[in-house]
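For reference, the structure is listed below as C-alpha coordinates.
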Amino acid sequence: MSSPLGIIAGGGPLPGQVAAAARASGREVFIAALEGYALPEIVQPFPHHAFRLGAIGAMIRAFRERGCRDLVMIGPVKRPSFLSLRPDAEGAKLLARVGKAAFLGDDGLLAAIVRVLSEEGFNVLGAHEIINDALAPDGLLTALGPDAQAMADIRRGIEVLKLTGAADIGQACVVQQGIVLAVETVEGTDAMLARIPAVARPGPAGVLVKMAKPQQERRADLPTIGPDTISHASRAGLRGVAFEAGGTILASKLQLIETANKEHIFLLGVST
0 MSSPLGIIAG
10 GGPLPGQVAA
20 AARASGREVF
30 IAALEGYALP
40 EIVQPFPHHA
50 FRLGAIGAMI
60 RAFRERGCRD
70 LVMIGPVKRP
80 SFLSLRPDAE
90 GAKLLARVGK
100 AAFLGDDGLL
110 AAIVRVLSEE
120 GFNVLGAHEI
130 INDALAPDGL
140 LTALGPDAQA
150 MADIRRGIEV
160 LKLTGAADIG
170 QACVVQQGIV
180 LAVETVEGTD
190 AMLARIPAVA
200 RPGPAGVLVK
210 MAKPQQERRA
220 DLPTIGPDTI
230 SHASRAGLRG
240 VAFEAGGTIL
250 ASKLQLIETA
260 NKEHIFLLGV
270 ST
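Last residue of the sequence shown: 271 in numbering that gives the first Met the number 0, with the numbers rising by one and none dropped.
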(Lines of atoms letter the chains of each structure in order from A and count residues from 1; the text may use other names and numbers.)
(Lines give C-alpha, C1' and ligand atoms only; values in the text may rest on other atoms or scores of the structure.)
Protein backbone atom coordinates (compact mmCIF):
# COMPACT_ATOMS: atom_id res chain seq x y z
CA MET A 1 0.00 0.00 0.00
CA SER A 2 1.35 3.43 -0.95
CA SER A 3 2.14 5.95 1.75
CA PRO A 4 -0.09 9.04 1.96
CA LEU A 5 0.64 11.75 -0.59
CA GLY A 6 1.61 15.13 0.80
CA ILE A 7 0.51 18.18 -1.18
CA ILE A 8 1.88 21.70 -0.70
CA ALA A 9 -1.03 23.69 -2.08
CA GLY A 10 -0.85 27.13 -3.61
CA GLY A 11 -3.69 28.78 -5.52
CA GLY A 12 -6.04 27.53 -8.20
CA PRO A 13 -7.90 24.24 -8.70
CA LEU A 14 -4.95 21.92 -9.35
CA PRO A 15 -4.21 21.01 -5.69
CA GLY A 16 -7.73 19.60 -5.43
CA GLN A 17 -7.39 17.76 -8.73
CA VAL A 18 -4.13 16.17 -7.57
CA ALA A 19 -5.75 15.16 -4.27
CA ALA A 20 -8.81 13.73 -6.03
CA ALA A 21 -6.66 11.73 -8.45
CA ALA A 22 -4.58 10.30 -5.60
CA ARG A 23 -7.71 9.40 -3.63
CA ALA A 24 -9.27 7.76 -6.70
CA SER A 25 -6.21 5.53 -6.95
CA GLY A 26 -6.77 4.42 -3.35
CA ARG A 27 -4.17 6.68 -1.79
CA GLU A 28 -4.66 8.88 1.27
CA VAL A 29 -3.65 12.53 1.06
CA PHE A 30 -2.70 15.36 3.36
CA ILE A 31 -2.68 18.95 2.13
CA ALA A 32 -0.51 21.69 3.57
CA ALA A 33 -2.64 24.66 2.49
CA LEU A 34 -0.57 27.83 2.15
CA GLU A 35 -2.38 30.72 3.83
CA GLY A 36 -3.35 33.47 1.43
CA TYR A 37 -2.97 31.19 -1.59
CA ALA A 38 -4.81 27.87 -1.24
CA LEU A 39 -8.55 28.21 -1.85
CA PRO A 40 -10.67 26.92 1.08
CA GLU A 41 -13.26 25.35 -1.21
CA ILE A 42 -10.53 23.41 -3.02
CA VAL A 43 -8.84 21.87 0.04
CA GLN A 44 -11.94 21.47 2.23
CA PRO A 45 -12.91 17.96 0.97
CA PHE A 46 -9.53 16.55 1.98
CA PRO A 47 -7.50 16.25 5.20
CA HIS A 48 -5.61 19.52 5.40
CA HIS A 49 -4.07 22.13 7.64
CA ALA A 50 -3.29 25.77 6.91
CA PHE A 51 0.32 26.93 7.19
CA ARG A 52 2.09 30.23 6.77
CA LEU A 53 4.41 30.14 3.81
CA GLY A 54 7.33 30.54 6.20
CA ALA A 55 6.28 27.66 8.48
CA ILE A 56 8.45 25.24 6.55
CA GLY A 57 9.56 23.26 9.57
CA ALA A 58 5.98 22.83 10.77
CA MET A 59 4.94 21.58 7.32
CA ILE A 60 7.73 19.02 7.23
CA ARG A 61 6.83 17.76 10.71
CA ALA A 62 3.17 17.46 9.70
CA PHE A 63 4.07 15.43 6.62
CA ARG A 64 6.30 13.13 8.66
CA GLU A 65 3.67 12.64 11.37
CA ARG A 66 1.22 11.49 8.71
CA GLY A 67 3.69 9.16 7.03
CA CYS A 68 3.98 11.14 3.78
CA ARG A 69 7.07 10.26 1.78
CA ASP A 70 5.98 11.59 -1.62
CA LEU A 71 5.25 15.31 -2.01
CA VAL A 72 3.70 17.41 -4.76
CA MET A 73 4.11 21.20 -4.89
CA ILE A 74 1.29 22.65 -6.96
CA GLY A 75 -0.54 25.94 -7.41
CA PRO A 76 0.75 29.49 -7.94
CA VAL A 77 2.49 31.30 -5.08
CA LYS A 78 4.05 34.75 -5.27
CA ARG A 79 7.59 34.83 -3.99
CA PRO A 80 7.74 36.81 -0.72
CA SER A 81 10.60 38.88 0.62
CA PHE A 82 12.66 37.22 3.33
CA LEU A 83 11.26 39.64 5.93
CA SER A 84 7.64 38.89 5.04
CA LEU A 85 8.38 35.15 4.87
CA ARG A 86 9.19 35.01 8.61
CA PRO A 87 10.51 31.42 8.53
CA ASP A 88 10.18 29.28 11.63
CA ALA A 89 13.36 27.97 13.26
CA GLU A 90 13.55 24.81 11.17
CA GLY A 91 12.54 26.75 8.08
CA ALA A 92 15.39 29.22 8.60
CA LYS A 93 17.86 26.32 8.69
CA LEU A 94 16.40 24.85 5.51
CA LEU A 95 16.51 28.22 3.75
CA ALA A 96 20.15 28.54 4.74
CA ARG A 97 20.73 25.27 2.88
CA VAL A 98 18.90 26.67 -0.14
CA GLY A 99 21.53 29.41 -0.04
CA LYS A 100 21.90 32.08 -2.69
CA ALA A 101 19.29 30.38 -4.90
CA ALA A 102 16.66 31.98 -2.65
CA PHE A 103 17.72 35.36 -4.04
CA LEU A 104 18.01 34.32 -7.68
CA GLY A 105 15.26 33.49 -10.19
CA ASP A 106 12.36 31.12 -9.73
CA ASP A 107 14.12 28.26 -11.50
CA GLY A 108 17.10 28.20 -9.16
CA LEU A 109 14.91 28.58 -6.09
CA LEU A 110 12.52 25.78 -7.04
CA ALA A 111 15.37 23.44 -7.94
CA ALA A 112 17.02 24.19 -4.59
CA ILE A 113 13.77 23.55 -2.68
CA VAL A 114 13.33 20.21 -4.44
CA ARG A 115 16.94 19.33 -3.58
CA VAL A 116 16.50 20.21 0.10
CA LEU A 117 13.24 18.27 0.37
CA SER A 118 14.98 15.29 -1.21
CA GLU A 119 17.79 15.60 1.34
CA GLU A 120 15.10 15.56 4.05
CA GLY A 121 13.96 12.16 2.79
CA PHE A 122 11.01 13.18 0.64
CA ASN A 123 10.41 12.22 -2.98
CA VAL A 124 9.12 15.24 -4.90
CA LEU A 125 6.73 14.35 -7.72
CA GLY A 126 5.21 16.43 -10.48
CA ALA A 127 1.44 16.87 -10.56
CA HIS A 128 1.43 15.14 -13.93
CA GLU A 129 2.73 12.00 -12.22
CA ILE A 130 -0.48 11.84 -10.17
CA ILE A 131 -3.14 13.15 -12.57
CA ASN A 132 -3.56 10.84 -15.54
CA ASP A 133 -3.49 12.54 -18.93
CA ALA A 134 -2.50 15.88 -17.39
CA LEU A 135 0.31 16.67 -19.80
CA ALA A 136 -0.61 18.36 -23.06
CA PRO A 137 -0.49 16.12 -26.13
CA ASP A 138 0.94 17.09 -29.48
CA GLY A 139 -1.57 18.42 -32.00
CA LEU A 140 -4.90 20.20 -32.25
CA LEU A 141 -7.46 19.80 -29.45
CA THR A 142 -10.24 22.04 -30.79
CA ALA A 143 -12.55 22.31 -33.77
CA LEU A 144 -10.85 25.53 -34.88
CA GLY A 145 -7.24 25.36 -36.01
CA PRO A 146 -4.51 27.92 -36.77
CA ASP A 147 -4.00 29.40 -40.21
CA ALA A 148 -0.62 30.19 -41.77
CA GLN A 149 -0.30 33.55 -39.99
CA ALA A 150 -1.13 32.01 -36.62
CA MET A 151 1.45 29.26 -37.18
CA ALA A 152 4.06 31.91 -38.00
CA ASP A 153 3.15 33.74 -34.78
CA ILE A 154 3.50 30.49 -32.83
CA ARG A 155 6.97 29.87 -34.25
CA ARG A 156 7.92 33.44 -33.36
CA GLY A 157 6.60 32.95 -29.83
CA ILE A 158 8.64 29.78 -29.39
CA GLU A 159 11.80 31.64 -30.46
CA VAL A 160 11.07 34.43 -27.98
CA LEU A 161 10.34 32.07 -25.07
CA LYS A 162 13.54 30.12 -25.61
CA LEU A 163 15.41 33.39 -25.03
CA THR A 164 13.31 34.72 -22.14
CA GLY A 165 13.09 31.29 -20.55
CA ALA A 166 16.86 30.91 -20.58
CA ALA A 167 16.99 34.23 -18.70
CA ASP A 168 14.36 32.95 -16.21
CA ILE A 169 11.92 35.70 -17.17
CA GLY A 170 8.65 33.99 -18.05
CA GLN A 171 6.77 31.09 -19.57
CA ALA A 172 4.39 32.92 -21.90
CA CYS A 173 4.15 35.60 -24.55
CA VAL A 174 1.61 36.98 -27.02
CA VAL A 175 2.49 37.43 -30.68
CA GLN A 176 0.35 39.11 -33.34
CA GLN A 177 1.38 39.28 -37.00
CA GLY A 178 4.98 38.64 -36.01
CA ILE A 179 5.01 41.41 -33.39
CA VAL A 180 5.59 40.47 -29.75
CA LEU A 181 2.83 42.28 -27.87
CA ALA A 182 3.74 41.10 -24.37
CA VAL A 183 6.04 38.78 -22.44
CA GLU A 184 5.05 37.30 -19.09
CA THR A 185 7.03 38.45 -16.07
CA VAL A 186 6.31 38.12 -12.34
CA GLU A 187 2.75 39.37 -12.94
CA GLY A 188 1.59 36.01 -14.33
CA THR A 189 -0.21 35.05 -17.51
CA ASP A 190 -3.63 36.49 -16.63
CA ALA A 191 -2.24 39.94 -15.81
CA MET A 192 -0.16 39.88 -18.99
CA LEU A 193 -3.28 39.10 -21.04
CA ALA A 194 -5.09 42.05 -19.44
CA ARG A 195 -2.54 44.35 -21.14
CA ILE A 196 -3.20 43.06 -24.65
CA PRO A 197 -6.27 45.09 -25.69
CA ALA A 198 -4.29 48.31 -25.24
CA VAL A 199 -1.51 47.19 -27.60
CA ALA A 200 -3.27 44.93 -30.12
CA ARG A 201 -3.02 45.79 -33.82
CA PRO A 202 -5.74 45.81 -36.50
CA GLY A 203 -6.05 42.64 -38.53
CA PRO A 204 -5.64 38.95 -37.63
CA ALA A 205 -5.67 38.50 -33.86
CA GLY A 206 -2.75 37.35 -31.76
CA VAL A 207 -1.80 34.03 -30.19
CA LEU A 208 -0.79 33.13 -26.64
CA VAL A 209 2.25 30.83 -26.51
CA LYS A 210 3.29 28.99 -23.32
CA MET A 211 6.43 26.91 -22.83
CA ALA A 212 8.46 25.51 -19.98
CA LYS A 213 11.76 27.28 -19.42
CA PRO A 214 14.71 25.25 -20.72
CA GLN A 215 16.36 24.77 -17.33
CA GLN A 216 13.38 24.77 -14.98
CA GLU A 217 12.56 22.15 -12.34
CA ARG A 218 9.69 20.33 -14.05
CA ARG A 219 8.41 18.69 -10.88
CA ALA A 220 7.53 22.05 -9.36
CA ASP A 221 6.53 24.65 -11.91
CA LEU A 222 5.31 23.42 -15.29
CA PRO A 223 3.23 25.91 -17.27
CA THR A 224 -0.49 25.40 -16.71
CA ILE A 225 -3.47 26.19 -18.92
CA GLY A 226 -7.05 25.95 -17.69
CA PRO A 227 -10.52 27.25 -18.52
CA ASP A 228 -9.73 30.60 -16.87
CA THR A 229 -6.77 31.01 -19.23
CA ILE A 230 -9.15 30.71 -22.17
CA SER A 231 -11.56 33.23 -20.67
CA HIS A 232 -8.73 35.74 -20.24
CA ALA A 233 -7.45 35.02 -23.77
CA SER A 234 -10.93 35.62 -25.16
CA ARG A 235 -11.25 38.95 -23.34
CA ALA A 236 -7.83 39.87 -24.75
CA GLY A 237 -9.16 39.26 -28.26
CA LEU A 238 -6.82 36.37 -29.03
CA ARG A 239 -7.66 33.60 -31.45
CA GLY A 240 -5.52 30.77 -30.17
CA VAL A 241 -3.32 29.25 -27.49
CA ALA A 242 -0.27 27.15 -28.30
CA PHE A 243 1.65 25.23 -25.66
CA GLU A 244 4.53 22.82 -25.30
CA ALA A 245 3.41 19.23 -25.80
CA GLY A 246 4.63 17.12 -22.90
CA GLY A 247 5.66 20.26 -21.00
CA THR A 248 2.34 21.89 -20.09
CA ILE A 249 -0.33 20.81 -17.60
CA LEU A 250 -3.90 21.03 -18.87
CA ALA A 251 -6.12 21.73 -15.86
CA SER A 252 -9.75 20.56 -16.06
CA LYS A 253 -8.99 19.29 -19.55
CA LEU A 254 -12.53 18.56 -20.77
CA GLN A 255 -13.83 21.91 -19.52
CA LEU A 256 -10.77 23.60 -21.03
CA ILE A 257 -11.51 22.22 -24.49
CA GLU A 258 -15.24 22.95 -24.15
CA THR A 259 -14.52 26.56 -23.17
CA ALA A 260 -12.06 27.01 -26.04
CA ASN A 261 -14.56 25.68 -28.59
CA LYS A 262 -17.27 27.94 -27.17
CA GLU A 263 -14.98 30.99 -27.42
CA HIS A 264 -13.74 29.98 -30.91
CA ILE A 265 -10.14 29.79 -29.69
CA PHE A 266 -7.84 27.05 -30.94
CA LEU A 267 -5.70 24.90 -28.64
CA LEU A 268 -2.54 23.48 -30.16
CA GLY A 269 0.16 21.35 -28.57
CA VAL A 270 3.51 21.88 -30.28
CA SER A 271 6.83 20.08 -30.09
CA THR A 272 9.73 22.44 -29.51
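Heads up, the beta-carbon is just placed ideally off N, CA and C, and yes, glycines get one too.
Could you name the residues of the same chain whose beta carbon sits closer than 6 Å to that of residue i, not counting the 5 residues immediately before and after it, in chain order?
| i | result |
| --- | --- |
| residue 152 | 174 and 206 |
| residue 137 | 244, 268 and 270 |
| residue 4 | 21, 26, 28 and 69 |
| residue 15 | 41 |
| residue 37 | 8 |
| residue 259 | 141, 229 and 266 |
| residue 191 | 181 and 183 |
From residue i to residue j, what distance separates their C-alpha atoms?
| i | j | result |
| --- | --- | --- |
| residue 195 | residue 227 | 16 Å |
| residue 238 | residue 119 | 46 Å |
| residue 176 | residue 193 | 19 Å |
| residue 86 | residue 115 | 15 Å |
| residue 62 | residue 222 | 26 Å |
| residue 12 | residue 249 | 11 Å |
| residue 65 | residue 218 | 22 Å |
| residue 8 | residue 32 | 5 Å |
| residue 203 | residue 148 | 8 Å |
| residue 209 | residue 67 | 32 Å |
| residue 74 | residue 255 | 17 Å |
| residue 57 | residue 6 | 14 Å |
| residue 197 | residue 145 | 23 Å |
| residue 122 | residue 59 | 13 Å |
| residue 124 | residue 246 | 15 Å |
| residue 167 | residue 2 | 35 Å |
| residue 201 | residue 242 | 24 Å |
| residue 47 | residue 187 | 27 Å |
| residue 272 | residue 117 | With the chain covering 0 to 271 only, the question about residue 272 has no answer from this structure. |
| residue 233 | residue 181 | 16 Å |
| residue 150 | residue 240 | 11 Å |
| residue 23 | residue 92 | 36 Å |
Just verifying my parser: in three-state terms, what is the DSSP assignment at residue i?
| i | result |
| --- | --- |
| residue 55 | helix |
| residue 47 | strand |
| residue 260 | helix |
| residue 241 | strand |
| residue 143 | coil |
| residue 87 | coil |
| residue 223 | strand |
| residue 137 | coil |
| residue 62 | helix |
| residue 132 | coil |
| residue 232 | helix |
| residue 76 | coil |
| residue 282 | Since the first residue of the chain shown is 0 and the last is 271, residue 282 is not available in this structure. |
| residue 37 | coil |
| residue 9 | coil |
| residue 246 | coil |
| residue 268 | strand |
Just to confirm, are residue i and residue j a CB contact at a threshold of 8 Å?
| i | j | result |
| --- | --- | --- |
| residue 50 | residue 34 | yes |
| residue 171 | residue 183 | yes |
| residue 253 | residue 140 | no |
| residue 71 | residue 129 | yes |
| residue 19 | residue 30 | no |
| residue 159 | residue 185 | no |
| residue 163 | residue 169 | yes |
| residue 211 | residue 236 | no |
| residue 261 | residue 213 | no |
| residue 143 | residue 263 | yes |
| residue 10 | residue 53 | no |
Under 8 Å Cβ to Cβ from residue i, same chain only, skipping five residues before and after it: list those, please.
| i | result |
| --- | --- |
| residue 189 | 227, 228 and 231 |
| residue 127 | 133, 134, 221 and 248 |
| residue 251 | 12, 16, 225 and 226 |
| residue 131 | 20 |
I'd like to confirm something about residue i: is its beta-carbon nearer than 7 Å to some heavy atom of the ligand MG, or not?
| i | result |
| --- | --- |
| residue 226 | The ligand MG is not part of this structure, which contains no ligands at all. |
Once the 5 residues before and after residue i are set aside, which same chain residues still bring their CB inside 7 Å of it?
| i | result |
| --- | --- |
| residue 96 | 115 |
| residue 43 | none |
| residue 88 | 56 |
task: Mind listing, in chain order, the continuous beta strand (DSSP E) runs of no fewer than 3 residues lying wholly within the segment 163-213?
output: 171-175, 178-182 and 206-209
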